[in-house]
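The numbering of the sequence shown is our numbering, which starts it at 31 and goes up by one. All residues carry an ideal CB built from backbone N, CA and C; glycine is no exception.
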Amino acid sequence: MDTKKKRAVFVCGNKYGFRSAYLPLIEQVSEYFTSFLILLDYPEGYEISNTLKTLEDKGILSGFSLVPDSKYIVRHHLAMGRLLRSLSQGKMDLLIVDVDFMPMHRYLIGLARRQNAPVMAVQKETPTQLLVEYQKTNTTKTVAPFSFNKNKLPLYLRFRNRGRAVVRRTLNHYFFPGLLTGHFFPMHAYEKSGKVLFATDRVDKIVVYEPRTYEALQVLFPHVPVVLAHHPRMGHCRCGEVKEKKGLLVILGGPWSYYVSETNSERDILNRWVDFISQVVTYHPNLAIHIRPHPRETKPYVEQIVQELRKRKLQAFVLEAQRNSVLDIVCDFNGVIGAPSGALSEATIGCDKAFVIGVKGVERINDSEPEVGEYSDAIQKVQWGEPLSEELFVRQATTNSSLPLISEILLAV
């Protein structure tokens, strides 16, 4: 290890967000930091170990740890206990986290505090619930909270689920933290209600890439310093290297189980997607259609959409989500359409040429869905069921050269 370099610990949460968000950042600061990476081993079938070992061999990573998924409560906490003992053997100069509320992050924030290391939250993906809460402050109508259809369950199942939640909260935030560190992990009131708002006063600074996220944090957590910066992949459009575009990239939201209800069935969502894609293709009839599901989707909805489109004599293909980061592939396509999500924002970051259209109401049918514009001004916006126009297929400008680079912010710590 180069003793002249500072020691940074990066906590990136799930595995599939690493390549698009944190890998380019770690590569940019590798000359100045020895970086240790911590990932949650989720999804379990997502292979990333070989990539991490290659980065370790190149000296970009000083090491890494895959922590068992938090659904395995005992294994998860015991692994964190071992990791804390290992990290305590050296001095941490900087801790970078993607969120600040999970027990895994709380353990490491506690270690950073004991070592007097600054803690910085760096955006990995668009914090949807944060934008929903921010949207409420800008509207006079009542906005429904996220619904997972819990109230549709029988009463005994609701009691059972509530009891399980209390047990998990006790184990995750009190029993194991107290046993392993002598400290508890108290929760903010909104966290107890199940809302996830990215990062709060547990960190020293928050760095984000999206203006709406920046505005939301300033309104909802005005006492926490927030910096708006360039995404490390901004300005690296590779359209000039692409000889032939593949067609249309369709990004599904989800998992759909979050949105299905008595008034919004799986078939309803599927039919709306098929109709909207067909409508888009009338404007660009020669485009092949490549559909990417949500990385956590477990049901074969994307295959069903492809089948329906092929019945309409359209060229449609499945694009595996876990192997195809939006930032990595967007330049291969003429344009992108999708439900409101952080993936659409990533599309505007990764490519300067492709049109990006967000369609509201194609998956969710209640007001808990953020406005498409909450993600990025560069996304063209349309409501499902409304007529399309040629103007939607014009790419909007994105780059703001006055913003600092995230690597510059980290180096200034």
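First through last residue of the beta strand (DSSP E) which encompasses residue i
i, result
"V238", "235–238"
"L250", "Not the beta strand (DSSP E): L250 falls in the alpha helix (DSSP H), residues 241–250."
"L96", "91–97"
"V447", "Beyond the ends of the chain as shown, which are 31 and 443, falls residue 447; an answer cannot be given."
"G365", "365–368"
"V272", "Per DSSP, V272 belongs to no beta strand (DSSP E) and is neither H nor E."
"L258", "256–258"
Nonlocal neighbours in the same chain, by C-beta distance under 7 Å from residue i, ignoring five residues either side
i, result
"R342", "S308"
"A442", "none"
"K35", "Y62, F63, T64"
"V256", "I236, V238, Y244, L247, Q248"
"E57", "I90"
"L357", "S50, R263, E376, I379, G380"
"F215", "P133, R136, H203, P207"
Residue i burial status per 10 Å Cβ neighbour count (16 or more: buried)
i, result
"V104", "exposed"
"K45", "buried"
"N146", "exposed"
"T84", "exposed"
"G202", "The sequence shown places Asn at residue 202, not Gly. Looking at its Cβ environment, which holds 16 or more other Cβ atoms inside 10 Å, N202 is buried."
"I436", "buried"
"G208", "exposed"
"S92", "buried"
"G265", "exposed"
"G270", "exposed"
"D130", "buried"
"P185", "Rather than Pro, the amino acid found at residue 185 in this sequence is Leu. With fewer than 16 other Cβ atoms within 10 Å, it is exposed."
"H261", "buried"
"T158", "buried"
"Q119", "exposed"
Proximal residues to residue i (C-beta, below 6 Å), its chain only, five neighbours per side dropped
i, result
"G284", "H324, E327"
"D231", "V254"
"I395", "N294"
"G111", "L210"
"E393", "G283, Y289, I299, A369"
"R188", "none"
"G372", "E155, T156"
"S60", "I90"
Which residues DSSP lists as bridging residue i, in chain order
i, result
"T64", "R37"
"Q410", "I387"
"I321", "V280, V348"
"L8", "Outside the displayed range of the chain (31 to 443) lies residue 8, so it cannot be described from this structure."
"A151", "V127, I236"
"S291", "N294"
"P69", "Per the sequence shown, residue 69 should be read as Leu rather than Pro. Answer by DSSP bridge pairing, in chain order: G43, L96."
"L435", "H260"
Span of the alpha helix (DSSP H), counted from its first residue to its last, around residue i
i, result
"I335", "331–341"
"G372", "372–380"
"V197", "185–200"
"M122", "Element bounds for M122: n/a, residue is neither H nor E."
"T84", "79–87"
"Q58", "53–59"
Neighbourhood of residue i by C-beta, 8 Å cutoff - its chain only, sequence neighbours within 5 removed
i, result
"Q334", "L300"
"Y164", "R242, E245, A246, V249, L250, E404"
"W414", "R302, F306, V389, K390, G391, V392"
"K383", "C267, C269, C361, R425"
"V233", "V127, D130, I139, V149, M150, A151, V254"
8 Å Cβ cutoff, residue i in contact with chain B
i, result
"W303", "No chain B appears in the structure shown, which is made up of a single protein chain."
Please determine if the segment 266–281 and the segment 349–367 are in contact, where contact requires at least 3 C-beta pairs separated by less than 8 Å.
yes
Looking at C-beta atoms only, is the number of pairs between the segment 118–132 and the segment 39–57 that lie closer than 8 Å three or more?
yes
Determine, using beta-carbon pairs with one atom in the segment 71–78 and one in the segment 371–385, whether at least three such pairs fall under 8 Å.
no
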